[in-house]
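Asker:
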């Protein structure tokens, strides 16, 4: 697949360490979720997160946030982009995923583990996100999420 | 990422998930399993031994397939979940919905 994905990498010194920032714009098509996740995960430096957390927590959380942004934020409109910004410092990896939608209320999402919701196909995204990372924070508008994974 | 479908001597369809099961490829898995169901398969094992990660839409497709297979009088079993994936199933309480075996051999023996 010809990819329009282009990862921008910036590095600069920060308190004796190197801070890294990765940014990527993803068209609103689910086909790009997997390739975008791999492109970013492969750039995470050793020592930020354990290989296991990169393999599972980081990848799943990014895929989840991208899918939510493409589906519920940008409504699969290929003209709209999802912006991914990853800040890597010695203390933590912060993932910002921003869509061009009107935002949503993260507190209005029902618990997908309730018996009556357990056999539903959808509605687990935010729950899964919250279980994978150390913190999930939305902006006021609700169209940008910041996921923090503390180092280790 | 890819899926492999094989049928054992007793007609159990074993599906291997190589890489990830996420929003970008879940329809492919769904279609392949539904085709096998249509073709008369009733016993299914999905093997996650080679799977790195599964997102919520991947989980959703498993829930949907499980329902469709049960509606046809069949049975779906999962196996090969690593510790992280097992935890994901437990957190979402989907471990209560699926029969989960440790290995493909265990899953096959349970039919």
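Chains as they are written, first to last, in our numbering: chain A, 816 to 967; chain B, 30 to 140. C-beta: ideal position from N, C-alpha, C; glycine also.
#1: Looking only at C-alpha atoms, which of B/52, B/67, B/60 and B/75 sits nearest to residue 45 of chain B?
#2: Residues in the stretch 63-89 of chain B with C-beta within 8 angstroms of chain A's C-beta atoms, listed in sequence order?
#3: Considering only the alpha carbon of each residue, which of A/822, A/967 and A/825 lies closest to residue 905 of chain A?
#4: How should residue 954 of chain A be labelled, buried or exposed, when 16 other C-beta atoms within 10 angstroms of its C-beta is the threshold for buried?
#5: Mapping DSSP to helix, strand and coil, what is residue 849 of chain A?
#6: With residue 99 of chain B and residue 128 of chain B assumed to form a contact (beta carbons below 8 angstroms), what rounded beta-carbon distance in angstroms separates them?
#7: Hey, which unbroken runs of the alpha helix (DSSP H) at 4 residues or more fall wholly within the stretch 832-901 of chain A?
#8: Does residue 924 of chain A pass the burial test, meaning 16 or more other C-beta atoms within 10 Å, or should it be called exposed?
#9: Short check: CB of residue 878 of chain A to CB of residue 944 of chain A, under 7 angstroms?
#10: Of all the options A/853, A/819 and A/884, which has the alpha carbon lying nearest to the alpha carbon of residue 870 of chain A?
#11: I'd like to know if residue 52 of chain B contacts chain A, where contact means its C-beta is closer than 7 angstroms to some C-beta of that chain.
#12: Name the residue from B/53, B/47, B/82 and B/42 whose alpha carbon lies nearest to the alpha carbon of residue 64 of chain B.
#13: May I ask which residues mark the beginning and end of the alpha helix (DSSP H) holding residue 116 of chain B?
#14: Which partner residues of residue 33 of chain B appear in the DSSP bridge assignment?
Answerer: Reading it off the structure:
#1: B/75
#2: 81, 82, 83, 84, 85, 86, 88 and 89
#3: A/967
#4: exposed
#5: helix
#6: About 11 angstroms separates the Cβ atoms of residue 99 of chain B and residue 128 of chain B, ruling out a contact at the 8 angstroms cut-off.
#7: 848-856 and 874-883
#8: exposed
#9: no
#10: A/853
#11: yes
#12: Considering only alpha carbons, the answer is B/42.
#13: Element bounds for residue 116 of chain B: 112-120.
#14: B/45
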